[in-house]
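Chains A, B and C, in that order, are what the protein sequence lines are. Going by our numbering, the first sequence opens with residue -1, and the numbers climb by one from there. Going by our numbering, the second sequence opens with residue 3, and the numbers climb by one from there. Going by our numbering, the third sequence opens with residue 3, and the numbers climb by one from there. A virtual CB, placed ideally from N, CA and C, is assigned to each residue, including glycine. Quick caveat, the model's predicted, so the values are computed rather than measured.
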Amino acid sequence: MTGEMIAFFLLALTAITGGVLLINLTNVVHMVVALIFTFIAIAGIYITLSAEFVAVVQVLIYSGAITIIMLFGIMLTRHQEKEKKAPRLKIILTGLTIGLFFLIMYGKIKDLNFGQQNVELHVENTKKIGVELYSHYVIPFELTSVLLLVALIGSIILAKRDDDEKEAKK
Amino acid sequence: MLQMSWLIPLFPLLSFILLLLFRKSKSESTAWIGVLLTGISLVMSIGVFLAVWQGEGIKTEGTWFQMGERAITMGFEVNPLNALMLVIVSLVSFLVHLYSKGYMHGDDRFPVFFAYLGLFSFAMLGLVLSPNLLQLYMFWELVGLGSFLLIGFYYFKPEAKAAAKKAFVMTRIGDVGLFIGMVLLFWQVGSFEYDEIFASVKNGDLSSGMLTLTALCIFVGAVGKSGQLPLHTWLPDAMEGPTPVSALIHAATMVAAGVYLVAAMYPLFQASEAALTVVAVVGGLTAIFAASIGLMQKDIKRVLAYSTVSQLGYMMLALGASGYVAGIFHLTTHAFFKALLFLAAGSVIHAVHTQNIEEMGGLWKKLRITGPLFLIGALAISGVPLLSGFFSKDEILASTYADGKYGLFWLAVIAAFMTAFYMFRLFFIVFTGEARGETEKGVHESPGVMTFPMIVLGVLAVVAGYLNTTWFGTFLSDYLAQGAVELPHGDHHGPAWIPLVATLAAALGIALAYLIYQRGTLSRDWITRSLPSLSDVIYNKWYIDEGYDQTVVKGTRGLSKLGVLFDRYIVDGLVTAVTTGVQRLGRVGSRVQNGQVQSYGTAAIFGIVILLLIVALTGGYFS
Amino acid sequence: MSAVPLPAYLMLALILFCIGLFGALTKRNAVIVLISIELMLNAVNINLVAFAKYSLNPGLTGQIFSLFTITVAAAEAAVGLAILIALYRNRKTVNVDEMDTMKR
């Protein structure tokens, strides 16, 4: 049992616990908070996978930005904080389907092993990523920026347009 | 001339087509199209007949289509038998066209009537010219169609509609027999050709059982068409059609097609003694049976219709008793005098506007042309010496006697007596005595266009008998002997007393009719009173129709009721089961279509899982 | 060196993915549905990063790809939330089972 193992198990346990809480809690805000644990745990998993930059981004964007956005969303639309349970039949059917999916995938991945090769991913990880992004992946990178811009403008228009129409009607 | 004989049926067809184009026309001069074109047919038929008389003959055929190794042919054939038929058909058709010009005067669908007459004439002439059974069968059905259309010409009369349907259905029973016989022959011989069939019959290629079977099947067809027992009931009902139609179709030509068929297939019948006997017995029974019904009928056309059935029975009897010539001879003479009688009856109906003989009387003085012509016809059919009916009937009696069928011989003699009696009963009631009913006013002779055909037929009814007499020469049998058909040998001119017996029977019949209906020596209802049950049975046509109603019709109704039940509960039930099943499935499906993204998502995931499962189980390959 | 084997990471990713899927398909609140989708994307990211280390061709590609995925996920979350708010203004609800305009 190496330290890496212990770290992995703890992180995995945290992530899964967060997920299970997401499913089982009834208060919407609590659900989001439970998910923050998952996201942070996943960032830790990234570190064990020698992807420090991705882990930092994960903490910044998911645990920070997206969770906050979601909380804003909940606050802006809070007319019913308590989450009602879905119909039992629906839960059973969905659960069965997903259980089957899980079993199939489990059967396929449980013995998957390509062996370990010595790669120095953790050495100057951020620098290497930066170099790659600005050299080899420069076009997707710029496209991503366009995408973000479009998403920005799109969200503003989507969230705003109704007011304009209402005012036009008035 | 002979090469052109295929044109003969086409002229009436042309007339049919032209008149259909003019069918909305109100002008009665359209009739002349039909008259002219059938006139051309008549002239050509006579030309062909004269050529054949001199010993010529022709048979032209082309392959219609090939079926494996067997070729189905189409073409035409002229031999003595059908040349004679050509003349009879086209002559009667021509005269009836002419007559109808007067008789149908004022009818709304005047050109349509002539169009139908043209169609019928085309079919009948085509039937006669056919060189093989298949072609004959086609025209046979066409003739039936023509008959159906013409019987139902007054389609607004329910009786006419019913009669047309009845005629169609009853003859169809016979047609099925003919069809089965035809197919059996094709199966056995490999050809529909008369010649090849006869050749293989002669070579003994067919077993005797098969010979009898095919002959009987074909005879069933003849029974249906010629109104023989037990399929005769449509013929009297067919009198609902216009009278010229009765004269053309149901007296002279179409009903004779059955006799013609037996005559044309004669070698087949000759090869089977049993089939010949059946033909003779059916013919003889029909003759006496129909004659007995004719004794009591009150409708002038029905009397003549039963008389036709009876005379057709005579012809069948003659053919069955090896009297080939006698049968054809009687067919010829009968065509003339029966057409004459029908046309004369039509003239009477035209004058008094009723068909019930009890409302007629004393017409002799008013119908100065129709009366004597009717008398000639009556004398001819009764077999009074020196007129045509005498010779042909004598021939039939002689050949029956010579064939050793003595029972049938005496039946035929009694039928002859009855024929004479009912014909003169009709004559005396209609033409002599006092006028009855309210028909005396406005009675007038028919126009010339109607009397002329009757006069022609009257002359023929007198002289046609001299075609074949023991005294002047047997022209007709010599002529028919040229044909492909090998005639039975031997002298059919039986003992000299046969003509005497026949004459005596006729004279007795006439005398009895005279005593009852003219002098009143014997009371009219003398027989009715003495034998009430028998006369009841006869008056009601031996309850044949009622019998059919009780058995065949009720049986069919019962069967159809069963069929309805089957259809309603089993077929319909299946259909309903399928529809409700689909409906239920649809309802379940529409419940799934609830518009909620999550349900759709679940369904999509489920589908993906199924696909994944397949991939996982088969390793990605279906092999 | 006994490192954590690849199947362990994949198992974790699978479990999180299934949880996210279940949440996305059964939760009524649209915000939670969006978050569940984020969770599914995260599970995918774990796979990408794990394969970047333990595969036949290890390299940075998997990590960079996961960066792009995170960016797109962020954009998706923003747009999704904007749609949600617009919808909430119109219909006064964020319950997914009341959004059945596809049927009407």
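Under 8 Å by beta carbon: chain D residues contacting residue i
i: C:M13; result: The chain labelled as chain D is not found among the protein chains of the depicted structure, namely A, B and C.
Proximity of residue i and residue j at Cβ, strictly below 7 Å
i: B:G36; j: B:S7; result: no
i: B:S390; j: B:T372; result: no
i: B:A382; j: B:A463; result: yes
i: B:L136; j: B:F194; result: yes
i: A:F6; j: A:I127; result: no
i: B:G183; j: B:G226; result: no
i: B:Y118; j: B:L151; result: yes
i: B:S394; j: B:T335; result: yes
i: B:F433; j: B:L514; result: no
i: A:L65; j: A:A39; result: Note on identity: in this sequence residue 65 of chain A is Thr, with Leu being the wrong assignment. No. Outside cutoff.
i: B:Y481; j: B:P82; result: yes
i: B:I10; j: B:S43; result: yes
i: A:I252; j: C:I17; result: There is no way to answer for residue 252 of chain A, as the model of chain A reaches only from -1 to 168.
i: B:A85; j: B:V54; result: yes
i: B:T214; j: B:D547; result: no
i: C:V33; j: C:A26; result: no
i: B:S123; j: B:S95; result: yes
i: B:E436; j: B:G364; result: yes
i: B:Q600; j: C:D102; result: no
i: C:A10; j: A:A149; result: no
Close-in-space but distant-in-sequence residues of the same chain around residue i (CB under 7 Å, 5 per side omitted)
i: B:R304; result: P238, M241
i: A:T16; result: Here the sequence assigns Gly to residue 16 of chain A, which means Thr is not the residue at that position. A32, L33, F35, T36, A39.
i: B:G154; result: A162, K163, A166
i: B:L93; result: L44
Cutoff 6 Å; reference residue i; Cβ partners in own chain excluding five residues on either side
i: B:P113; result: L21, F24, R25, S27, T32
i: B:M317; result: V261, G329, H332, L333
i: B:F200; result: P269
i: B:Q313; result: H336
i: B:G322; result: L278, V281, A282, G285
i: C:G22; result: S38, L41, M42
i: C:N97; result: R30
i: B:L15; result: F124
Closest residue to residue i among the options (Cα-Cα distance)
i: A:L110; options: C:E40, C:Y56, C:R91; result: C:Y56
i: B:A165; options: B:H252, B:A508, B:K395; result: B:H252
i: B:A618; options: A:F139, A:F99, A:K158; result: A:F99
i: B:P232; options: B:G296, B:T604, B:Y550; result: B:Y550
i: B:F419; options: B:L86, B:S43, B:F291, B:W189; result: B:F291
i: B:M256; options: B:T356, B:G49, B:A224, B:L587; result: B:A224
i: A:I72; options: A:K106, A:M29, A:G17; result: A:M29
i: B:I220; options: B:V247, B:T173, B:E79, B:K340; result: B:T173
i: A:L156; options: C:T103, C:Y90, C:K94; result: C:Y90
i: B:G460; options: B:S448, B:K563, B:T553, B:L342; result: B:L342
i: B:F271; options: B:L297, B:L218, B:T310; result: B:L218
i: B:V458; options: B:F78, B:V98, B:L38, B:T62; result: B:V98
i: A:Q114; options: C:T71, C:M13, C:V74, C:L58; result: C:L58
Close Cβ partners of residue i (< 8 Å) along its chain, the five nearest in sequence each way excluded
i: A:T46; result: E2, A5, F6, L9
i: B:M212; result: L186, Q190
i: B:I359; result: K300, D301, I302, V305, L428, I431, V432
i: A:S48; result: L119, H120, N123
i: B:N470; result: V327, F331, F393, S394, E397, T476, F477, L478, S479
i: C:Q65; result: L50, V51, A54
i: A:L94; result: none
i: B:L4; result: V50, A53, V54, E58, G59, I60, V80
Any non-hydrogen atom of the ligand SAH closer than 6 Å to residue i Cβ
i: A:S143; result: Among the components of this structure there are no ligands whatsoever, and the ligand SAH is therefore not found.
### Query
Of all the residues that make up the segment 23 to 42 of chain C, which are near chain A by a beta-carbon distance shorter than 9 Å?
L23, F24, G25, L27, T28, K29, R30, N31, A32, V33, I34, L36, I37, S38, E40, L41
### Task
Could you please tell me which residues of the segment 547 to 580 of chain B, in chain order, have their CB closer than 7 Å to any CB of chain A?
none
### Query
Quick one: complete alpha helix (DSSP H) runs, 4+ long, within the segment 358 to 424 of chain B?
372 to 384, 390 to 404
### Task
May I ask you to list, following chain order, the residues of the segment 583 to 597 of chain B that have a beta carbon less than 9 Å from some beta carbon of chain C?
Q595, N596, G597
#### Entry: Against chain C: residues of the segment 602 to 613 of chain B by CB proximity under 9 Å
Y602, G603, T604, I607
### alpha helix (DSSP H) segments (min. 4 residues) lying fully within the segment 141 to 206 of chain B
160 to 191, 196 to 204
### Query
Going along the chain, which residues of the segment 88 to 104 of chain C sit with their C-beta nearer than 8 Å to a C-beta in chain B?
V98, D99, M101, D102, T103, M104
### Near-chain C residues of the segment 41 to 52 of chain A (beta-carbon distance less than 9 Å), N- to C-terminal order
I43, Y44, T46, L47, S48, A49, F51, V52
### Task
Closer than 8 Å, Cβ to Cβ, to anything on chain C: give me those residues from the segment 5 to 26 of chain A, in chain order.
F6, A10, A13, I14, G17, V18, L20, I21, V26
### Query
Which parts of the segment 103 to 157 of chain A are runs of the alpha helix (DSSP H), unbroken and 4 residues or longer, counting only runs that do not cross its ends?
123 to 133
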